[in-house]
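Asks:
Number of protein chains: 2
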Amino acid sequence: MNAQKRRKPTQIDIARLAGVSQSTVSLVLNEDPARSQIPAATRQRVTDAIRELGYTANPAARSLKGGRNHLLGLYTFETVFPLDQRDFYYPFLLGVEEEAAERGYDLVLFTSAGSDGRSIYAGGVNRLGVADGCVLLGRHIRRDDLERLVGEDFPVVFIGRRGVEELSFVAADYAAATREVVLKLAGLGHRDLLYLAAPEDSEPSQDRAEGYRQGLAETGLAHDERVVEPGEITADRLTEWLAGGVTAIVVEPTEDDRVAVALQEAAGRARIDIPGDLSVVLLGDPPSWSASPRDWTGFSIPRTEMARAAVEMLIDLLEDRPARRTLFLPCPPVEGDSVAPPRATGGDRPW
Amino acid sequence: MNAQKRRKPTQIDIARLAGVSQSTVSLVLNEDPARSQIPAATRQRVTDAIRELGYTANPAARSLKGGRNHLLGLYTFETVFPLDQRDFYYPFLLGVEEEAAERGYDLVLFTSAGSDGRSIYAGGVNRLGVADGCVLLGRHIRRDDLERLVGEDFPVVFIGRRGVEELSFVAADYAAATREVVLKLAGLGHRDLLYLAAPEDSEPSQDRAEGYRQGLAETGLAHDERVVEPGEITADRLTEWLAGGVTAIVVEPTEDDRVAVALQEAAGRARIDIPGDLSVVLLGDPPSWSASPRDWTGFSIPRTEMARAAVEMLIDLLEDRPARRTLFLPCPPVEGDSVAPPRATGGDRPW
DNA sequence: AGCAATTCTTAAAACGTATTAAGCGCTACT
DNA sequence: AGTAGCGCTTAATACGTTTTAAGAATTGCT
Chain Z
19 MNAQKRRKPT QIDIARLAGV SQSTVSLVLN EDPARSQIPA ATRQRVTDAI RELGYTANPA
79 ARSLKGGRNH LLGLYTFETV FPLDQRDFYY PFLLGVEEEA AERGYDLVLF TSAGSDGRSI
139 YAGGVNRLGV ADGCVLLGRH IRRDDLERLV GEDFPVVFIG RRGVEELSFV AADYAAATRE
199 VVLKLAGLGH RDLLYLAAPE DSEPSQDRAE GYRQGLAETG LAHDERVVEP GEITADRLTE
259 WLAGGVTAIV VEPTEDDRVA VALQEAAGRA RIDIPGDLSV VLLGDPPSWS ASPRDWTGFS
319 IPRTEMARAA VEMLIDLLED RPARRTLFLP CPPVEGDSVA PPRATGGDRP W
Chain V
19 MNAQKRRKPT QIDIARLAGV SQSTVSLVLN EDPARSQIPA ATRQRVTDAI RELGYTANPA
79 ARSLKGGRNH LLGLYTFETV FPLDQRDFYY PFLLGVEEEA AERGYDLVLF TSAGSDGRSI
139 YAGGVNRLGV ADGCVLLGRH IRRDDLERLV GEDFPVVFIG RRGVEELSFV AADYAAATRE
199 VVLKLAGLGH RDLLYLAAPE DSEPSQDRAE GYRQGLAETG LAHDERVVEP GEITADRLTE
259 WLAGGVTAIV VEPTEDDRVA VALQEAAGRA RIDIPGDLSV VLLGDPPSWS ASPRDWTGFS
319 IPRTEMARAA VEMLIDLLED RPARRTLFLP CPPVEGDSVA PPRATGGDRP W
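Protein chains in written order, with our numbering: chain Z, 19 to 369; chain V, 19 to 369.
(1) Do we get a CB-CB distance below 9 Å when we pair Ala-79 of chain Z with the residues of chain V?
(2) Check whether the Cβ atoms of Ala-215 of chain Z and Glu-250 of chain Z lie closer than 9 Å to each other.
(3) Just the C-alpha distance for Pro-359 of chain Z and Val-199 of chain Z, rounded to the nearest angstrom, thanks.
(4) Can you name, in chain order, every residue of its own chain whose Cβ lies under 6 Å from the Cβ of Glu-96 of chain Z, other than the five neighbours on each side?
(5) Can you tell me whether DSSP reads Ala-33 of chain Z as helix, strand or coil?
(6) Based on the DSSP output, what are the partners of Glu-243 of chain Z in its beta bridges?
(7) Just to make sure I have the definition right: I need the residues of chain V whose C-beta is within less than 9 Å of the C-beta of Asn-87 of chain Z. Which are they?
(8) Counting C-beta neighbours from all protein chains within 10 Å, is the total for Arg-61 of chain Z 16 or more, i.e. buried, or is it exposed?
(9) Which residue from V:Arg-86, V:Asp-31, V:Gly-72 and V:Arg-69 puts its Cα closest to that of Asn-48 of chain V?
(10) With which residues is Asp-124 of chain Z paired in a DSSP beta bridge?
(11) Whose C-beta lies closer than 6 Å to the C-beta of Val-377 of chain Z among residues of the same chain, with five residues either side of it excluded?
(12) Anything in chain V within Cβ reach of Val-370 of chain Z, meaning under 8 Å, just list it in chain order.
(13) For Leu-201 of chain V, which residues in the same chain have their Cβ closer than 6 Å to its Cβ, ignoring the five residues on either side in sequence?
(14) Give me the Cα-Cα distance between Val-114 of chain V and Asp-191 of chain V, rounded to the nearest whole angstrom.
(15) Measuring straight from C-alpha to C-alpha, what distance separates Pro-350 of chain Z and Thr-196 of chain Z?
(16) Check Pro-320 of chain Z in the structure and name its three-state DSSP category.
(17) Consult DSSP for Ile-267 of chain V and reduce its assignment to one of helix, strand or coil.
(18) Step through the CB atoms of chain Z and report whether any lies within less than 9 Å of the CB of Arg-145 of chain V.
(19) Do the CB positions of Pro-320 of chain V and Ala-78 of chain Z come within less than 9 Å of each other?
(20) What residue from Z:Ala-327, Z:Val-264, Z:Leu-111 and Z:Ile-292 has the CA that sits closest to Tyr-213 of chain Z's CA?
(21) Given Ala-278 of chain Z, which residues of its chain have a CB within under 7 Å of its CB, disregarding the five upstream and five downstream residues?
(22) May I ask which residues mark the beginning and end of the alpha helix (DSSP H) holding Ile-68 of chain V?
(23) Looking at chain V, is there any beta carbon in it that lies within less than 9 Å of the beta carbon of Thr-28 of chain Z?
(24) Can you tell me whether Glu-258 of chain Z is buried or exposed, with buried defined as 16 or more other CB within 10 angstroms of its CB?
(25) According to DSSP, is Gly-181 of chain Z part of a helix, a strand, or is it coil?
(26) So which of Z:Val-329, Z:Glu-70 and Z:Phe-172 has the shortest CA-CA distance to Leu-35 of chain Z?
(27) Span of the alpha helix (DSSP H) holding Ala-190 of chain Z?
(28) Secondary structure at Val-175 of chain Z, three-state DSSP: helix, strand or coil?
(29) Should Arg-312 of chain V be labelled buried (16 or more other beta-carbon atoms within 10 Å of its own) or exposed?
(30) Which two residues bound the contiguous beta strand (DSSP E) that contains Ala-229 of chain V?
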């Protein structure tokens, strides 16, 4: 009814009504109810007044005093809710939300980037500072921003490994998972592998490549590594590779599943059966909207767990609990239908 | 290296470094750049110091003072990122993010609900207060919370109509869209409609029902309104309805598309052709993950636009610009394949 | 009664910012 | 030379809370 802007009641209003001082009101609200300093009678008057005026504490004032405001930042170098990539981001968001909720933190989404190419430092001001700390996420990061952030030692945890000195992160253990893949192929009898890498050189790519090399070294397999554009994967090319002795291909996934799809198509056109004639492993999981009907063998990226762990690490940092600054999470293997023993050999150690 | 907890720099730190007073720092930060009081030299020293220390305004202190902190709350009565309902929420989130970003606001996601059933008032404290204002969203709201919020006149806009006195909202104009549907069916020659309502009594349901009644009143059609559980829609029932003269069914959508799917199945079993024997209109759009291959005729809910408009309204409120407090957005019609003229009549005005 | 111990209550000082009125050193008039 | 005016800077205050140290009131003891 009355639309006048009514000031919210403060502790002083309560104090006046209850006939005590403002400090007493605060004490009633904050004391440990176990061994209380305040007699029941006084407490009663205060709580009555609180009820009568509908008082609620001003969170700004409260957090101003305490230094912490229980806000966790979430900064993405791309849009937070991108329609075309929701499958990529959603599990991360989910994990961040869940863990933050459990720990009693609210989330600040830094969306106000806009004009300046989504820099953290808009007008020389670190906007992240409104939160106690921040979880970072994104494919196309700005390294300068990251370095500056770390320099200021603003508490930050990146989801995914990023090669920035002193930067805390939680990442998927691509190296170990890829190594496992190689061991598994070797165990099935494959002796000649082909590694198809995406043309970008990101940290995840490096980790996978490293794991691949490790696996090869341990098994003493032959290999052929090459960087491939999806357009280059033709039926002819594929046939050529097989003729060269290759029995399994290890594929790095791309954002949009193009390479895997191209491979699938080329194989169809060349009348190559997967996994009969050729085993294929995908180093990660394709987006769920993928058109590919194929259930690729490989491993999955524990996105939600990564996000939760990142939040956990950040909060530990904030609350001065001892915390490791880097963490690798295992990638659960995915048993699909694209891997089998090679045609020629029976299966196990044919020599 | 040094893990010591370093206090975040304040204006006083800046002031010391720049050799000015704290007030000057504040002025540099807040003045209207047009007619500035502060000479370029001083301003330069201050901004240099800001950059050097990585200063960021403390939002708590700022909003305590009465200023704005350019934080917009987003409160959902359910989990913010629910996996099973991402199609429902995503367009809203998208709209909120886009509009907030354009207006230079960051977003606060209130996730720290926890134990008390996602109440806004945790321990009697209105947690929304950290933000300047808040956009609300959710199917299963807590009316008491809403009323209390409005009572405190904390700036709030709900996405969707909610029957709470003085509550601002942006909603889809279900009434108008439903009325249109009835007019359209009447225009095609339908004279006997059946209205299948979901068993819940939410505001959107009320609006649709109202529009339906209006449409009927304007066209003078016969109708049969009933609340139906999906299980009740059987082939027999359907046959019975048709025998009674019904040529078109108007269906209220549910969260999970159950009613529409049940209808489809029952029609199949009763050998009733849609739209040949029976026209069906869906009052809203089914989730995109819907199994139903059917392209229902009806209208779609402008979720992203609703969200954007809600943010716009909220910011107008915050910045003391005149703003309407309720807004209905039109629902664009969807021309599907489930509506046709009734069998019996040729099509237009048979009398 | 006198004094110490205990119980209750409060004044006061932060926390970091925005804002206002006043202060300072100038210049430009009269 | 005196003073009004201007340009720049700052001291002071308020915002609502938590927290601490000290004050007041009451009790207990000799």
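Just so it is clear, CB atoms sit at the ideal spot from N, CA and C, and this is done for glycine as well.
Just so you know, these numbers come straight off a predicted model, no measurement behind them.
Replies: The relevant details are as follows:
(1) As a position in the first sequence, residue 79 of chain Z is number 61, starting the count at 1. The Cβ of Ala-79 of chain Z sits closer than 9 Å to at least one Cβ of chain V.
(2) As a working mapping, residue 215 of chain Z is identified with position 197 in the first sequence. As a working mapping, residue 250 of chain Z is identified with position 232 in the first sequence. For Ala-215 of chain Z and Glu-250 of chain Z, no; Cβs fall outside 9 Å.
(3) Taking the first residue of the first sequence as position 1, residue 359 of chain Z is located at position 341. Taking the first residue of the first sequence as position 1, residue 199 of chain Z is located at position 181. C-alpha separation (whole angstroms): 13 Å.
(4) In the first sequence, counting from the first residue as 1, residue 96 of chain Z sits at position 78. Within the same chain, Glu-96 of chain Z has close Cβ partners Gly-156.
(5) In the first sequence, residue 33 of chain Z corresponds to position 15, counting from 1. Of the three classes helix, strand and coil, the one that applies to Ala-33 of chain Z here is helix, per DSSP.
(6) Along the first sequence, one-based indexing puts residue 243 of chain Z at 225. Z:Tyr-213.
(7) On the first sequence, residue 87 of chain Z is found 69 positions in, with the first residue counted as 1. Under the 9 Å cutoff, chain V gives Asn-76, Pro-77, Ala-78 and Val-148.
(8) As a first step, residue 61 of chain Z must be located in the first sequence, where it is residue number 43. By the neighbour-count criterion, in which 16 or more other beta carbons inside 10 Å mark a residue as buried, Arg-61 of chain Z falls on the buried side.
(9) Counting from one through the second sequence, the residue named residue 48 of chain V turns up at place 30. Ranking V:Arg-86, V:Asp-31, V:Gly-72 and V:Arg-69 by Cα distance to Asn-48 of chain V puts V:Arg-86 first.
(10) As a first step, residue 124 of chain Z is located in the first sequence; it is residue number 106 there, counting from the start. DSSP lists Z:Leu-89 as the bridge partner or partners of Asp-124 of chain Z.
(11) Since the first residue shown for chain Z is 19 and the last is 369, residue 377 of chain Z is missing from the structure and cannot be characterised.
(12) What is shown of chain Z runs 19 to 369, which leaves residue 370 of chain Z out entirely.
(13) Residue mapping note: residue 201 of chain V aligns to position 183 of the second sequence, counting from 1. If we look at Leu-201 of chain V and ignore the five residues flanking it on each side, its Cβ neighbours are Gly-233.
(14) In the second sequence, residue 114 of chain V corresponds to position 96, counting from 1. In the second sequence, residue 191 of chain V corresponds to position 173, counting from 1. Distance between Val-114 of chain V and Asp-191 of chain V, taken at the CA atoms: about 19 Å.
(15) By one-based count along the first sequence, residue 350 of chain Z stands at place 332. By one-based count along the first sequence, residue 196 of chain Z stands at place 178. Put simply, the backbone Cα of Pro-350 of chain Z is about 11 Å away from that of Thr-196 of chain Z.
(16) Along the first sequence, read from residue 1 onward, the residue named residue 320 of chain Z stands at position 302. Note: Pro-320 of chain Z maps to coil in three-state DSSP.
(17) As a position in the second sequence, residue 267 of chain V is number 249, starting the count at 1. Under the three-state reduction of DSSP, Ile-267 of chain V is assigned to strand.
(18) The sequence position of residue 145 of chain V within the second sequence is 127, counting from 1. It does; some Cβ of chain Z falls within 9 Å.
(19) For the purposes of this step, residue 320 of chain V is identified with residue 302 of the second sequence, where counting begins at 1. For the purposes of this step, residue 78 of chain Z is identified with residue 60 of the first sequence, where counting begins at 1. No; because the gap between Cβ atoms is not below 9 Å, this pair is not in contact.
(20) Counted from its first residue, the first sequence places residue 213 of chain Z at position 195. Of the listed residues, the one whose Cα sits closest to Tyr-213 of chain Z is Z:Val-264.
(21) To locate residue 278 of chain Z, count along the first sequence from 1; it is residue 260. Sequence-distant partners of Ala-278 of chain Z (beyond 5 residues in either direction) whose C-beta falls short of 7 Å from its own C-beta, in its chain, are Val-269, Pro-271, Leu-300, Pro-304, Ser-310 and Trp-314.
(22) Position 50 of the second sequence, counting from 1, holds the residue named residue 68 of chain V. For Ile-68 of chain V, the enclosing alpha helix (DSSP H) covers residues 58–71.
(23) Taking the first sequence and counting its residues from 1, one reaches residue 28 of chain Z at position 10. For Thr-28 of chain Z, the answer is no, since every Cβ of chain V falls outside 9 Å of its Cβ.
(24) Start at 1 with the first residue of the first sequence, and residue 258 of chain Z comes out as number 240. By the neighbour-count rule (16 or more Cβ atoms within 10 Å), Glu-258 of chain Z is not buried but exposed.
(25) Counting from one through the first sequence, the residue named residue 181 of chain Z turns up at place 163. Looking at Gly-181 of chain Z - three-state DSSP - the assignment turns out to be coil, as it is neither helix nor strand.
(26) Locating residue 35 of chain Z in the first sequence gives position 17, counting from the first residue. The option with the nearest alpha carbon to Leu-35 of chain Z is Z:Glu-70.
(27) As a working note, residue 190 of chain Z is residue 172 in the first sequence. Looking at the DSSP string, Ala-190 of chain Z is not in any alpha helix (DSSP H); the run it does join, the beta strand (DSSP E), is 186–190.
(28) Within the first sequence, the letter at position 157 stands for residue 175 of chain Z. Here Val-175 of chain Z carries a strand assignment [DSSP, helix/strand/coil].
(29) Taking the first residue of the second sequence as position 1, residue 312 of chain V is located at position 294. Buried: at least 16 other Cβ atoms inside 10 Å.
(30) Here residue 229 of chain V is taken as the residue at index 211 of the second sequence, counted from 1. A quick correction: the sequence has Gly, not Ala, at residue 229 of chain V. Not the beta strand (DSSP E): Gly-229 of chain V falls in the alpha helix (DSSP H), residues 221–237.
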